[in-house]
Each structure stands twice: as structure tokens, then as C-alpha cells.
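Mapping of the sequence shown onto the UniProt record's numbering: position 20 corresponds to residue 20, and the numbering continues sequentially without gaps. Glycine included, C-beta positions come from ideal geometry on N, C-alpha and C.
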Amino acid sequence: MFSLLTKFPSFVFNRFGYQFAPSSSSSSTFSHITSDGNITMVDIGEKKSTQRQAIVEATVKFPDSHTFQSYFNITTKKGDARLCSKLAGILAAKRTSDLIPLCHQLPLSHIDIEYQHKHEENEVLVRCICSTNYQTGVEMEAMVGATIAAVTIYDMCKALSKSIEIRNIRLVEKTGGKSSIHSK
């Protein structure tokens with residue numbers, strides 16, 4: 001019989017359900033977990049609003065050059081894959097707090113979905129850029145935007161091949177707030 005306690009010994013059962021049982025260092029590591037192991041939304045009320053930006057990339061890998069070229073040359077039965085992907089990514093970024101329970105609702109000042117086509121590798125690099133002037137970062141909005149844009153390309157092109165893959169969803173840049181990240 002499957003048990004969360006055997007699979008994840010850091011979880012304990014209380015009368016409300018499972019909760020995380022923090023180690024002595026967890027309270028400083030996990031901002032969404034209280035010292036008694038309950039989840040909480042981080043209080044950002046006292047934080048200062050600053051300009052923040054996050055960039056997330058996801059890679060859509062086509063199985064061969066023929067399928068990759070078809071992505072450019074046809075409009076699928078569902079419509080234009082790139083346009084639909086861009087709109088889906090933007091809408092998803094705006095709805096992040098509806099999808100991830102402890103994310104704050106953010107006043108996003110800018111969202112863009114960009115594409116870099118890597119013909120040699122049969123790949124499309126999807127990049128989501130989100131900006132705000134607020135008390136918390138926009139990494140999750142950019143993550144959700146890039147992911148849904150990539151998933152939408154898959155959905156629009158799956159009739160061409162079931163071997164299309166989504167790979168390497170990652171934060172490549174974060175500015176503003178307490179820390180910055182710039183990866184290559």
C-alpha cells in the first residue's frame with residue numbers, strides 16, 4: 001500500500017491532511033512553510049516595490065527537419081501555431097496566481113513571448129519575459145508563460161508528430177528585488 005509517509009518521510013499527517021515536517025533549517029530555506037510545518041502565503045506587505053523582470057526559456061524539440069519545417073510552412077487545422085502559442089503564453093502568465101496556490105496576484109506591466117528558431121537542431125527556443133514594479137518577483141509568471149507557450153506549440157503540431165518534446169524549462173534572468181540571476 002502506498003503511503004506518503006514511506007515515500008516522503010518529511011511529511012506528517014495532521015487532522016487537516018498532510019503537511020511538511022520541517023527540519024531545523026527549513027524555516028530559513030522554504031519561505032512558504034511555517035516553523036510548525038504548515039504552508040503559508042508569504043506576507044509581502046512591508047516589502048518595497050521595485051522594478052523586477054524575469055526571463056524564462058523552454059525548448060520545443062522537433063524529431064526531424066521535415067516536421068520542424070512543417071511547423072513554419074503550414075497553418076494547422078487549429079490555426080497559426082506561433083500566434084496561438086504567443087497568446088496562450090501571455091494569458092497563462094496573467095493567470096499564474098490562479099494556477100499556483102501561494103503566488104501573489106501581480107500587476108504585470110509587460111509580458112512578451114519571443115521565439116528563436118534553431119534550424120540545425122530542429123528546435124524552437126521559447127522565451128517569456130515578464131516585468132512588474134511590485135513587492136515580489138515575476139519568476140513564476142515567466143515560468144508559466146514559457147511553459148504554456150511551449151505546450152501550445154506541441155498541441156498545435158502534435159498531428160505532425162507525437163515525438164515532439166519540451167525540454168529545458170529554466171530561469172535565465174531575474175532582476176530586481178534582493179537578488180539577481182544571469183545565466184548563459
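Notebook entry, point to check: Looking at Ile164 and Val56, is the spacing between their C-beta atoms short of 9 Å?
Noted result: Your numbering for residue 56 matches position 56 in the sequence shown. Your numbering for residue 164 matches position 164 in the sequence shown. Going by C-beta atoms, Val56 is not nearer than 9 Å to Ile164.
Next item on the list: Note down, in chain order, each residue of its chain lying with its Cβ closer than 6 Å to the Cβ of Arg52, except the 5 sequence neighbours on either side.
Entry: Indexing the sequence shown from 1 puts residue 52 at position 52. Result list for Arg52: Thr132, Gly137, Val138, Gly176 and Gly177, in chain order.
Margin query: Quick check: the Cα distance between Leu83 and Ile153, rounded to an integer number of angstroms?
Written below: Within the sequence shown, the letter at position 83 stands for residue 83. Within the sequence shown, the letter at position 153 stands for residue 153. If I take the Cα positions, the gap works out to 10 Å.
Notebook entry, point to check: Once you ignore the five residues that flank Gly89 on each side, which residues in its own chain have a CB closer than 6 Å to its CB?
Noted result: As a first step, residue 89 is located in the sequence shown; it is residue number 89 there, counting from the start. Result list for Gly89: Ile113, Cys128, Gly145, Ile148 and Ala149, in chain order.
Margin query: Restricting to Cα atoms, I'd like to know which of Arg167, Ile44, His117 and Cys157 is closest to Leu106.
Written below: The sequence position of residue 106 within the sequence shown is 106, counting from 1. Selected option, being the one with the closest Cα: Ile44.
Checklist line | Residue ranges of each alpha helix (DSSP H) within the stretch 82 to 156, 4 or longer | finding: 96 to 99
Note to self: For Lys174, tell me which candidate among Arg95, Met143, Leu87 and Lys86 has the shortest Cα-Cα distance.
What the structure shows: Taking the sequence shown and counting its residues from 1, the one referred to as residue 174 is at position 174. Of the listed residues, the one whose Cα sits closest to Lys174 is Met143.
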